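Everything in the sequence shown is counted per this note's numbering, starting at 2 for the first residue and increasing by one.
Virtual Cβ for every residue (Gly too), placed ideally from N, Cα, C.
From a predicted model like this one, the values you see are computed outputs, not experimental measurements.
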Amino acid sequence: MKKSVLSFGTLALLAGGLWTIAVALEGAEEMAVLRAEVRAAQGYDEVDVARAVLSAAQITSFAQNLEFCGYLGLDAAGVIRSSEVVRGLVDECSPLWPDDLEVVASWHTHAAYDTGAWSEVPTVIDIEADEDEGIDGYVATPGGRFWFVDTEAMEVVQLCARGACVPVDVAYVPGSEGYIWQSYTYQELLDREAAQ
2 MKKSVLSFGT LALLAGGLWT IAVALEGAEE MAVLRAEVRA AQGYDEVDVA RAVLSAAQIT
62 SFAQNLEFCG YLGLDAAGVI RSSEVVRGLV DECSPLWPDD LEVVASWHTH AAYDTGAWSE
122 VPTVIDIEAD EDEGIDGYVA TPGGRFWFVD TEAMEVVQLC ARGACVPVDV AYVPGSEGYI
182 WQSYTYQELL DREAAQ
């Protein structure tokens with residue numbers, strides 16, 4: 002009869018695998034809570050629903066340091082709801098277009114605060130992606146700013162200043178990106194990103 006021999010490295014790998022499973026389960030529980038909170042956020046005012054959805058998503062976004070995203074749209078009864086929540090990467094997220102909603106806007110978070118990232122203002126990519134789909138958008142930042150992406154005017158406008166209506170990452174350092182304007186045109190976003 003042959004004996005199985007596990008090396009220290011194999012044991013460490015197995016233990017690491019178990020840890021990974023535990024982290025994945027914890028992430029799954031966070032996602033289940035987030036999805037329930039997003040499903041509960043519904044109504045007839047687009048901005049209110051966007052703010053409620055992004056407020057719910059911010060906490061998980063900070064904890065996992067990932068972007069979360071989705072679409073807002075009208076259901077058959079004319080109620081504004083979010084599509085399914087999608088977990089993205091640190092600096093991107095691709096929502097799934099819903100079949101059961103008449104889409105009016107996108108929404109996404111900007112993950113957790115990172116000293117090396119400029120994430121307090123929607124990006125050129127954010128406004129271009131919404132324009133390509135023919136919709137507007139909403140963005141929440143680690144500093145707790147709530148933005149509207151207006152693709153008709155091709156500008157982004159702060160609906161709420163830092164910490165006024167969506168959660169703030171506790172690690173966020175005020176002023177780390179300099180002065181943040183109330184709004185930026187598409188050209189101003191291009192200039193801002195070119196200067197970074």
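Cβ separation of residue i and residue j, assumed to be a contact under 8 Å, to the nearest whole Å
i: T61; j: E31; result: 5 Å
i: V34; j: A42; result: No, V34 and A42 are not in contact; Cβ-Cβ is about 13 Å, not under 8 Å.
i: R82; j: L102; result: 6 Å
i: L73; j: W108; result: 6 Å
i: S95; j: V86; result: 12 Å between Cβ atoms; not a contact.
i: Y173; j: G144; result: 5 Å
i: A106; j: I126; result: The pair is not a contact, with the Cβ atoms about 16 Å apart (cut-off 8 Å).
i: A57; j: V80; result: About 17 Å separates the two Cβ atoms, so there is no contact after all.
Cβ-based neighbour list, residue i, same chain, cut-off 7 Å, excluding 5 preceding and 5 following
i: T142; result: H111, S120, E121
Counterpart residues of residue i in DSSP-defined beta bridges
i: A141; result: T110, F147
i: Q159; result: W148
i: T186; result: E156
i: V104; result: G74
i: S95; result: None; S95 has no bridge partner.
i: V167; result: Per DSSP, none; premise fails for V167.
Closest residue to residue i among the options (Cα-Cα distance)
i: W148; options: C166, E85, V86, V105; result: C166
i: R52; options: P168, E129, D151, Y185; result: P168
i: E178; options: D115, L75, A78, G138; result: D115
i: D151; options: G164, R163, D131, D170; result: D131
Close Cβ partners of residue i (< 8 Å) along its chain, the five nearest in sequence each way excluded
i: T124; result: L190, E194
i: A23; result: Reliability of the predicted coordinates at A23 is poor, the pLDDT of 41 falling under 50, and the value obtained from them is presented with this limitation in mind. Cβ neighbours of A23 beyond the five flanking positions: none.
i: L26; result: Residue confidence for L26 is low, a pLDDT of 47 falling below 50, so the modelled location carries little weight and cannot support an answer.
Spatial neighbours of residue i in its chain, beta-carbon cut-off 6 Å, leaving aside the 5 residues before and after
i: C161; result: F147
i: Q183; result: Q159
Fill in: Start-end ranges of the alpha helix (DSSP H) lying completely within the stretch 33-74, minimum 4 residues
47-65
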